[in-house]
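Residue numbers (my numbering), protein chains in the order written: chain A, 246 to 561; chain B, 234 to 557; chain C, 2 to 331.
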């Protein structure tokens, strides 16, 4: 029971966040100008419009409309498009590309940033360190859609070693799937690589000054062992927190990048839905995006507790 | 006597924005096997830098000159990787603050076993068994449970015992104890000092005890070295030093500390002024500006370290009780 | 030890401060409290220096702050100069505050780093509207002079430009600016070098004599306490063990804890043998203190009575009180 309590607490927090986010979106969508009923059938009579509005739940107040959507969601009904079709099948095809994009980006960013950060901290103040930090700083100041366009043009079109755009699911060939993912992932990863490297470098430099590093040294351990076993672990909690928080930016970035690289993910679908006032679909998409974000953050929080025992008491 | 450690003209300086900081200046010191030496000084005296630099535990901003010989091997000529071979097995160190000298995110057991596995090539099971023995030896109650704990779950006294266990794990010949009890309560300090003395006997360890506390030195050492502004200003066999202080600084320090064996309500003797700025050394004796006996000679000329027949050394033109 | 009782109070001698049954609790979590100060009574006569001594976690610093109502204690009374300040609030309490001032262990961080020294010392004067700007400026210079700092040199500088000893002098100047009657010194010399420590201790002594101050001196250092105090109160886990004059206490400690504490202090003389009276272990958690006498778990003379019944302070000599069922006999 004692062990379950924090988990239950966490879960209730997650639910609250999800409900809050989707309710806010449902209210905001309703503020968009223009009558959806007119959009659907410009020639409809007043009576027909009223019937349509009632069918779509547009005549209800915010709470009642939200409740209608939520109760349908809970029963597994993800809503429909006003212009025809169910949301669920679209969701099924749009979620994997976006999730893949985001996870590959996190993995790539971390695998590049961790060694870079460690080496920069170890070689603090040397030419290597200075070169890395200047390079990262200048690259990260370009917005990611800019980088995306440059990479797509340069590597995809001019040099032509990688396809400039498109998406292929894993089931249709692993190699082609990854070939297509390289450019968008690189584009998205550049900002987090820079943030993570600088963060880790600063944390490691602080940790290297700690007495426990001196004690580890005085045991006669190698520098490599000290860096990896004694310095990295206490330093990486900040990195993990940053990775969790950057998830929001990454999701936002992915939505834009999908459009540039023509990936049929959530971003593309969301843009389409907003253009056509598909309010039910928008709400459902937002619910899923919020779900990714909250889930990832919760997992990272739990991991931080595993890595750093000092944080466990603070949480309780 | 069998010599274990020999420092000759050993100096350490740091590059700082305000100029070179001379933390340790021209120290000559030899330590015999099995001896217990106290290095006494106030903050800024260079005592901690001296002990860390002797071991080679210095950041890259430090410059060390002079020579360090350990068991006949010239440590000062060896590369970082070669010196590392002496750490843990040849010499080890205990630090002042047990709250910061253990890694907060790793269990006690893994921090203890690490040295045994890496340096002595033990298997995991051997290392675990030996670690439990070590914890028992430093009187940690329930060593098996302690192995699984994180440092944050233990008291300061317990943590310092664990730091000691880590330091003696590979049975080093020379143990540096840098203010090992300063952060501890007085009853716990007494326990830890007693433990260190026992371990020294048992493992026939040589110890260099760095402290600001003359009381700790009096009970724990064979010989005392007093440092001021990076230099040795007096060195003698402990009993001789306390009985016949030659250096005015040592005497003034002694008289300025409140003592339990004095009546209450007595006014303390004061050393006026403050410690010198290590970036701009005095031309003469570094204690001259605060010394009640100082003359123009003291302020202009640097006194050499004089060695008396019985080995008592002092750095003063006008030693208390006269020269020799 | 670690007992209660009020036998040691000297209420007929018109004490400056009388503290009775003081309780300070901290919340540990939703269910449990720690009583950092668990029902302590003591008094301080005018012109006295009362030392409160004990190891870390015994509640001595909490006690010092509770006298100043920082934070407000959960129980008990603090009567200063005949006024019960625990009963005051708002402006009434504010009016009493200048009478009690405090100096801390870490002098450097207890001073606002952005302010110049003159402003640090002037601030309380300004707040309490003590004179015109010109008058206050003269007062600041006088205060700096009296703590041994040259006003011309230090007035316009900021705390970080000074050493620990100098910062402690500045805090003393600030503390005495409002002419307090009681100065609470919380480990004022623990962070200082040995050669500087004596300067500050002597300065405190001078100020006390010159200004007719009464001092409460909180410290873990028994040797320092012996040098400065006229009465000593030994604390353990939020309770009083022993109250005595320093000479009495150090020569004939009646509490087993006091005796072990004194024996543990290393004497700077190699000819003096190491005292073998040792307490084992470390203090238990104050969240769940032992029943009866709180020291019994580490006391070699502990009996069943010690577990069942909390010892009350009893007089074992003139002005020498101990809370122990089996006091040390000499």
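Just so you know, even glycine gets a beta-carbon here, dropped at the ideal spot from N, CA and C.
#1: Do the region 193 to 201 of chain C and the region 236 to 244 of chain C touch if we need at least three Cβ pairs shorter than 8 Å?
#2: Compute the distance between the beta-carbons of residue 495 of chain A and residue 350 of chain A, then report whether it is under 9 Å.
#3: Could you tell me the boundaries of the alpha helix (DSSP H) in which residue 553 of chain B lies?
#4: In terms of alpha-carbon separation, which member of B/488, B/512, B/367 lies closest to residue 447 of chain B?
#5: Are the beta-carbon atoms belonging to residue 103 of chain C and residue 186 of chain C less than 9 Å from one another?
#6: Taking CB distances under 9 Å as the criterion, tell me whether residue 560 of chain A reaches chain B.
#7: How about residue 348 of chain B: is its C-beta nearer than 9 Å to some C-beta of chain C?
#8: For the alpha helix (DSSP H) containing residue 489 of chain B, list its first residue and its last residue.
#9: What residues from chain C crowd round residue 566 of chain B, counting only those whose CB sits closer than 7 Å?
#10: Let me know if residue 382 of chain A comes out buried or exposed under the rule of 16 or more other beta-carbons within 10 Å of its beta-carbon.
#11: Out of C/306, C/282, C/124, which has the shortest C-alpha to C-alpha gap to residue 293 of chain C?
#12: Among residues of its own chain, excluding the 5 on either side of residue 498 of chain A, which ones have a beta-carbon nearer than 6 Å to its beta-carbon?
#13: Give me the chain C residues within the contact set of residue 493 of chain B, using Cβ-Cβ distance strictly less than 8 Å, ordered along the chain.
#14: Under 9 Å, do residue 55 of chain C and residue 39 of chain C count as touching if we go by C-beta distance?
#15: Which first and last residues belong to the alpha helix (DSSP H) in which residue 363 of chain B is found?
#16: Can you grab the Cα-Cα spacing for the pair residue 274 of chain A / residue 550 of chain A, in whole Å?
#17: May I have the straight-line CA-CA distance separating residue 522 of chain A from residue 281 of chain A, to the nearest angstrom?
#18: Looking at chain C, which residues of the region 325 to 357 of chain B have a Cβ within less than 8 Å of any of its Cβ atoms?
#19: Any idea what DSSP makes of residue 242 of chain C, helix, strand or coil?
#20: Where does residue 559 of chain A sit, in a helix, a strand or coil, going by DSSP?
#21: Give the residues from the region 280 to 295 of chain B that approach chain A closer than 7 Å (Cβ to any Cβ), ordered along the chain.
#22: Hey, out of C/47, C/192, C/24, whose CA is closest to residue 275 of chain B's CA?
#23: Since residue 332 of chain C meets chain B, which of its residues come closer than 8 Å, beta carbon to beta carbon?
#24: Going along the region 45 to 58 of chain C in order, which residues come within less than 7 Å of chain B, judged by CB to CB distance?
#25: Would you list, in chain order, the members of the region 253 to 273 of chain B that have their beta-carbon closer than 7 Å to a beta-carbon of chain A?
#26: With a threshold of 9 Å between beta carbons, is residue 555 of chain A in contact with chain B?
#27: Could you name each continuous beta strand (DSSP E) segment of 3 residues or more that falls completely within the region 64 to 141 of chain C, going from the start of the chain to the end?
#28: Under DSSP, the beta strand (DSSP E) around residue 325 of chain C begins and ends at which residues?
#29: For a minimum of 3 consecutive residues, which ranges assigned as the beta strand (DSSP E) are wholly contained in the region 221 to 291 of chain C?
#30: If the criterion is Cβ atoms closer than 9 Å, does the pair residue 1 of chain C and residue 188 of chain C meet it?
#31: Is there contact here, the region 498 to 505 of chain B with the region 201 to 209 of chain C, by at least three beta-carbon pairs under 8 Å?
#32: Going by alpha carbons, who is nearest to residue 320 of chain B out of B/382, B/387, B/407, B/255?
#33: Using the DSSP secondary-structure output, state which residues sit across from residue 255 of chain B in a beta bridge.
#34: Can you tell me where the alpha helix (DSSP H) with residue 512 of chain B in it begins and where it stops?
#35: Take the Cβ of residue 162 of chain C as the centre, count every other Cβ of all protein chains shown within 10 Å, and call the residue buried at 16 or more, exposed below.
#36: In chain order, what residues of the region 154 to 170 of chain C put their CB closer than 7 Å to some CB of chain B?
On the basis of the data shown:
#1: no
#2: Along the first chain, read from residue 1 onward, the residue named residue 495 of chain A stands at position 250. Along the first chain, read from residue 1 onward, the residue named residue 350 of chain A stands at position 105. Going by C-beta atoms, residue 495 of chain A is nearer than 9 Å to residue 350 of chain A.
#3: Counting from one through the second chain, the residue named residue 553 of chain B turns up at place 320. Counting along the chain, residue 553 of chain B falls outside any alpha helix (DSSP H), and DSSP gives it neither H nor E.
#4: One-based indexing of the second chain puts residue 447 of chain B at position 214. Closest by alpha carbon: B/488.
#5: Translated into the one-based positions of the third chain, residue 103 of chain C becomes position 102. Translated into the one-based positions of the third chain, residue 186 of chain C becomes position 185. Their beta carbons are under 9 Å apart, which means residue 103 of chain C touches residue 186 of chain C by this criterion.
#6: If you number the first chain from 1, residue 560 of chain A lands on position 315. The pLDDT assigned to residue 560 of chain A is 42, lower than 50, so where the model puts this residue is not dependable; a value taken from the coordinates is nonetheless given after this. So, not an interface residue.
#7: Residue numbering aside, residue 348 of chain B sits at position 115 when the second chain is read from its first letter. It does not; no Cβ of chain C falls within 9 Å.
#8: Within the second chain, residue 489 of chain B is the residue found at index 256, counting from 1. Looking at the DSSP string, the run of the alpha helix (DSSP H) that includes residue 489 of chain B is 481 to 489.
#9: Lying outside 234 to 557, the shown extent of chain B, residue 566 of chain B is not represented and no answer is given.
#10: Here residue 382 of chain A is taken as the residue at index 137 of the first chain, counted from 1. The residue is exposed, with fewer than 16 neighbouring Cβ atoms inside 10 Å.
#11: The residue you call residue 293 of chain C lines up with position 292 of the third chain. Per the Cα distances, C/306.
#12: Start at 1 with the first residue of the first chain, and residue 498 of chain A comes out as number 253. The residues are 389, 433.
#13: Here residue 493 of chain B corresponds to residue number 260 of the second chain, with the count starting at 1. Those are 223, 224, 227, 251, 263, 266, 268, listed as they occur along chain C.
#14: As a first step, residue 55 of chain C must be located in the third chain, where it is residue number 54. As a first step, residue 39 of chain C must be located in the third chain, where it is residue number 38. Result no, Cβ atoms of residue 55 of chain C and residue 39 of chain C do not sit closer than 9 Å.
#15: One-based indexing of the second chain puts residue 363 of chain B at position 130. 357 to 370 is the extent of the alpha helix (DSSP H) around residue 363 of chain B.
#16: What you label residue 274 of chain A is simply residue 29 of the first chain in a count that begins at 1. What you label residue 550 of chain A is simply residue 305 of the first chain in a count that begins at 1. Computed Cα separation, rounded: 38 Å.
#17: Mapped onto the first chain, residue 522 of chain A falls at position 277. Mapped onto the first chain, residue 281 of chain A falls at position 36. Rounded to the nearest angstrom, the two C-alpha atoms are 7 Å apart.
#18: none
#19: Along the third chain, one-based indexing puts residue 242 of chain C at 241. Of the three classes helix, strand and coil, the one that applies to residue 242 of chain C here is strand, per DSSP.
#20: Start at 1 with the first residue of the first chain, and residue 559 of chain A comes out as number 314. A caution first: residue 559 of chain A carries a pLDDT of 48, below 50, which makes its placement in the model unreliable, though a value can still be read off. The answer is helix: DSSP assigns residue 559 of chain A an H, G or I state.
#21: 288, 290
#22: Counted from its first residue, the second chain places residue 275 of chain B at position 42. When each option's Cα is compared against that of residue 275 of chain B, the closest is C/192.
#23: No answer is possible for residue 332 of chain C: the residues shown for chain C start at 2 and end at 331.
#24: 56, 57
#25: none
#26: Looking up residue 555 of chain A in the first chain gives position 310. At least one chain B Cβ lies under 9 Å of residue 555 of chain A.
#27: 76 to 81, 101 to 104
#28: For this step, residue 325 of chain C is matched to residue 324 along the third chain. Residue 325 of chain C -> no beta strand (DSSP E), and no H or E assigned at all.
#29: 232 to 237, 240 to 245
#30: Outside the modelled stretch of chain C, which goes from 2 to 331, sits residue 1 of chain C, for which no answer is possible.
#31: yes
#32: Counting from 1 along the second chain, the entry for residue 320 of chain B is found at position 87. Ranking B/382, B/387, B/407, B/255 by Cα distance to residue 320 of chain B puts B/407 first.
#33: Here the question's residue 255 of chain B lines up with position 22 in the second chain. DSSP lists B/246 as partners of residue 255 of chain B.
#34: In the second chain, the residue the question calls residue 512 of chain B occupies position 279. First-last for residue 512 of chain B: undefined, no H or E at that position.
#35: Numbered from its first residue, the third chain carries residue 162 of chain C at position 161. Counting Cβ neighbours within 10 Å, residue 162 of chain C comes out exposed, since fewer than 16 surround it.
#36: 164, 166
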